[in-house]
Amino acid sequence: GWVLESIMQRGMVGAMAALRPALPVAARRLAPGAQVAGDRYANVKALRLRLASVKSIQRITKTMKMVAAAKLKGFQGRMFAARPLGDSMNNMVAEIPPPPEGEEKDLKYMMVPITSDRGLCGGVNSSIAKAVKIMIPTVPDDSEVFVIGNKGDQLLKRTHGEKIVRVVSDCYKNPTSFALASEICEEILGLKYDKAAIFFNKFKSAIAYETTCEEIESAELMLERIATFTEKYEFEDEFTEQTAMADMMAFCLASKIYSRLLESATSEVSARMQAMENATKNCGEMIDKLTINMNKARQAMITQELGEIVSGAAAVEG
Numbered sequence: 001g002w003v004l005e006s007i008m009q010r011g012m013v014g015a016m017a018a019l020r021p022a023l024p025v026a027a028r029r030l031a032p033g034a035q036v037a038g039d040r041y042a043n044v045k046a047l048r049l050r051l052a053s054v055k056s057i058q059r060i061t062k063t064m065k066m067v068a069a070a071k072l073k074g075f076q077g078r079m080f081a082a083r084p085l086g087d088s089m090n091n092m093v094a095e096i097p098p099p100p101e102g103e104e105k106d107l108k109y110m111m112v113p114i115t116s117d118r119g120l121c122g123g124v125n126s127s128i129a130k131a132v133k134i135m136i137p138t139v140p141d142d143s144e145v146f147v148i149g150n151k152g153d154q155l156l157k158r159t160h161g162e163k164i165v166r167v168v169s170d171c172y173k174n175p176t177s178f179a180l181a182s183e184i185c186e187e188i189l190g191l192k193y194d195k196a197a198i199f200f201n202k203f204k205s206a207i208a209y210e211t212t213c214e215e216i217e218s219a220e221l222m223l224e225r226i227a228t229f230t231e232k233y234e235f236e237d238e239f240t241e242q243t244a245m246a247d248m249m250a251f252c253l254a255s256k257i258y259s260r261l262l263e264s265a266t267s268e269v270s271a272r273m274q275a276m277e278n279a280t281k282n283c284g285e286m287i288d289k290l291t292i293n294m295n296k297a298r299q300a301m302i303t304q305e306l307g308e309i310v311s312g313a314a315a316v317e318g
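In this text, residue positions in the sequence shown follow the numbering used here: the first is 1, and each later residue adds one.
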């Protein structure tokens with residue numbers, strides 16, 4: 001036994017002695033390859049991490065799309081039920097004679113943009129902010145902005161923050177009600193203005209909406225030319241034309257705000273559903289590209305490792 005062990009030890013020593021001259025050559029050949037292999041391994045790891053993050057984002061966007069789609073039907077039902085109320089107010093105000101030409105130059109406007117409290121809904125809020133920014137230079141300098149929704153405040157305060165007099169948020173935490181619209185109406189009526197301009201997104205379909213502006217004059221401005229309008233009605237003793245007009249315009253404004261809040265909320269949900277669907281598709285395309293790149297990097301790394309093994313064996317032999 002000791003004879004066999006001695007022979008094996010001598011053989012290993014001899015083999016090491018024979019390989020010693022070739023080791024520096026093999027090391028020089030393997031060093032650049034080892035660096036490249038390390039870089040490629042790091043690249044594969046980075047691609048794997050990025051792929052996992054994109055898949056996580058895709059799951060989130062897909063879930064948000066499903067939630068928005070489930071909510072859309074309920075929002076549409078309430079919106080279609082309230083739309084005739086807002087449209088009827090337009091018809092009623094249209095019966096009042098318009099002001100003579102030239103009297104609208106110095107009217108103080110109260111611009112009321114209706115936006116959302118949350119994002120990830122396409123261009124719903126930016127289109128409203130753009131319409132307000134276009135109107136501001138065309139109205140008197142003392143005109144003001146009454147913002148509904150946090151996103152409208154964020155988009156307007158940087159360039160026109162000095163004109164914002166009030167920001168109402170959290171309007172969509174609970175189902176939109178006429179009581180909420182009445183509270184907003186009271187705050188608007190407490191401010192001095194000649195004409196209010198309500199900006200909202202009119203719902204067209206699940207994939208389309210239209211940014212719209214509706215104007216309504218204050219009761220004080222209409223009192224001078226309501227003779228042809230009020231002569232159709234008889235007033236009880238406790239009511240006068242002034243009080244009747246003030247009450248009518250308050251109800252008209254509250255009705256408009258109520259119906260337009262529902263229009264904007266429905267447009268927001270439909271736009272979010274569409275935006276999340278597009279985001280989910282984009283994530284799918286990115287996942288396919290990242291998977292291909294990761295597989296290519298893995299194949300290149302394996303090929304490099306095989307080449308290093310062959311080079312090392314050749315260096316040892318030669």
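All C-beta atoms in this analysis are idealised placements derived from N, C-alpha and C, irrespective of residue type, glycine included.
DSSP state of residue 172, grouped into three classes?
-> For the purposes of this step, residue 172 is taken as the residue at position 172 of the sequence shown. Reduced to three states, the DSSP call for residue 172 is coil.
Mind listing, in chain order, the continuous beta strand (DSSP E) runs of no fewer than 3 residues lying wholly within the stretch 53-92?
-> none
Helix, strand or coil: which one does DSSP assign to residue 27?
-> Against the sequence shown, residue 27 aligns to sequence position 27. Note on residue 27: pLDDT 48, under 50, position unreliable in the model; no value is reported.
Length of the line joining the Cα atoms of residue 124 and residue 112 = Mapped onto the sequence shown, residue 124 falls at position 124. Mapped onto the sequence shown, residue 112 falls at position 112. Looking at the two C-alpha atoms, the distance is approximately 15 angstroms.
Return the chain-ordered list of same chain residues with a C-beta closer than 6 angstroms to the C-beta of residue 51, the five sequence neighbours on each side being excluded.
-> To locate residue 51, count along the sequence shown from 1; it is residue 51. Around residue 51: 290.
With DSSP collapsed to three states, give me the class of residue 166.
-> As a position in the sequence shown, residue 166 is number 166, starting the count at 1. Correct three-state label for residue 166: strand.
Under 8 angstroms by Cβ, that's how I've got residue 135 and residue 196 pegged, so tell me the actual separation to the nearest angstrom.
-> Position 135 of the sequence shown, counted from the start, is the residue given in the question as residue 135. Position 196 of the sequence shown, counted from the start, is the residue given in the question as residue 196. At roughly 12 angstroms, the Cβ-Cβ gap does not stay under 8 angstroms, so residue 135 and residue 196 are not in contact.
Buried or exposed: residue 310, going by 16 or more other Cβ atoms within 10 Å of its Cβ?
-> Against the sequence shown, residue 310 aligns to sequence position 310. It counts as exposed.
By how many angstroms is the C-alpha of residue 269 removed from the C-alpha of residue 201?
-> Within the sequence shown, the letter at position 201 stands for residue 201. Within the sequence shown, the letter at position 269 stands for residue 269. Going by the C-alpha atoms only, they are around 12 angstroms apart.
C-beta contact flag for residue 277 and residue 65 at 8 angstroms = Counted from its first residue, the sequence shown places residue 277 at position 277. Counted from its first residue, the sequence shown places residue 65 at position 65. Yes, these two residues count as a Cβ contact at 8 angstroms.
Under the three-state DSSP convention, the category residue 259 falls into | Taking the sequence shown and counting its residues from 1, one reaches residue 259 at position 259. If DSSP states are grouped into helix, strand and coil, residue 259 belongs with the helices.
Determine the extent of the beta strand (DSSP E) in which residue 205 is found, giving its start and end residues.
-> For the purposes of this step, residue 205 is identified with residue 205 of the sequence shown, where counting begins at 1. Per DSSP, residue 205 belongs to the beta strand (DSSP E) from 195-205.
Counted within 10 angstroms of its Cβ, other Cβ atoms place residue 95 as buried (16 or more) or exposed | Position 95 of the sequence shown holds residue 95. Exposed, because fewer than 16 other Cβ atoms sit within 10 Å of the Cβ of residue 95.
Cβ-based neighbour list, residue 47, same chain, cut-off 8 angstroms, excluding 5 preceding and 5 following | Translated into the one-based positions of the sequence shown, residue 47 becomes position 47. Hits under 8 angstroms: 290, 293, 294, 297.
Reduced DSSP category for residue 234 - H, G, I as helix; E, B as strand; rest coil = As a position in the sequence shown, residue 234 is number 234, starting the count at 1. Residue state, collapsed to three classes: coil.
Name the two residues that bound the continuous beta strand (DSSP E) containing residue 159.
-> Here residue 159 is taken as the residue at index 159 of the sequence shown, counted from 1. Element bounds for residue 159: not the beta strand (DSSP E) but the alpha helix (DSSP H), 150-160.
Determine contact between the stretch 159-170 and the stretch 80-91, defined as no fewer than three beta-carbon pairs at a distance below 8 angstroms.
-> no
Delimiting residues of the beta strand (DSSP E) encompassing residue 214 | Position 214 of the sequence shown, counted from the first residue, corresponds to residue 214. Start and end: 208-217.
Spatially closest choice to residue 189 from 69, 248, 265, by CA coordinates | For the purposes of this step, residue 189 is taken as the residue at position 189 of the sequence shown. For residue 189, the nearest C-alpha among the options comes from 248.
List the DSSP bridge partners of residue 248.
-> The residue labelled residue 248 in the question sits at position 248 within the sequence shown. None; residue 248 has no bridge partner.
Per-residue burial, residue 272 [other beta carbons within 10 Å of its own, 16 or more giving buried] | Sequence index remark: in the sequence shown, residue 272 carries index 272 (1-based). Label assigned to residue 272: buried.
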